[in-house]
Amino acid sequence: MTALSLAGVALAGTPATAAAAATGGGCTGPATKQACVSLVDDGGHGGDILFEARSDWPGAGGDCRMRLVAFDDTTGWQWERELRRCDRPLEQVYKLPNPTPGHVYRAELQILPNGKNYAFAEFVKSPVLTY
């Protein structure tokens, strides 16, 4: 066996709990309306994906609602927080344990100005994170 093929055998035997690399992620939007996705340490098992939505928009009006939505763009999976008033400070988070290698994740802050439907909605999307 050559050194190259031995290296391939060694990599193939790497346990599933080995730390995975992630690329991308981060935050998008001004401090008043922000969506973020990042990899956070979970005690050495490869990391968890942290989705965040933050807002401080006191002039938004009482009808406006917003929420965090977490996406796995590879499978189409999504997870939504409850709608909250836009005119009060917002910090919503979701931590996804055991993310799947090769999958693409992103966070989105959804803002519904009339609080009822997606007419005139605004979507603040984080940069994508590939795990």
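For the record, in the sequence shown the residue sitting at position 10 is 10 according to our numbering, with numbers rising by one throughout.
Ideal placement from N, C-alpha and C gives every residue a C-beta, glycine not left out.
Bridge pairing for Cys27: Cys36 [DSSP]. Taking C-beta atoms as the reference points, Ser126 and Ala35 count as a pair closer than 9 Å. In the structure shown, the three-state DSSP call for Ala21 is coil. Our two residues, Met66 and Cys27, have alpha carbons roughly 17 Å apart in a direct line. Its chain contains Glu108 and Gln110 as the residues whose beta carbon lies nearer than 7 Å to that of Phe123, once the 5 sequence neighbours on both sides are disregarded; these appear in chain order. Measuring C-alpha to C-alpha distances from Asp87 to each of Gly24, Asp56 and Trp79 identifies Asp56 as the nearest. Burial of Gly47 is indicated by the presence of at least 16 other C-beta atoms within 10 angstroms of its C-beta.
Leaving aside the five residues that flank Pro113 on each side, the residues in its chain whose CB is nearer than 6 Å to its CB run, in chain order, Cys64 and Phe120.
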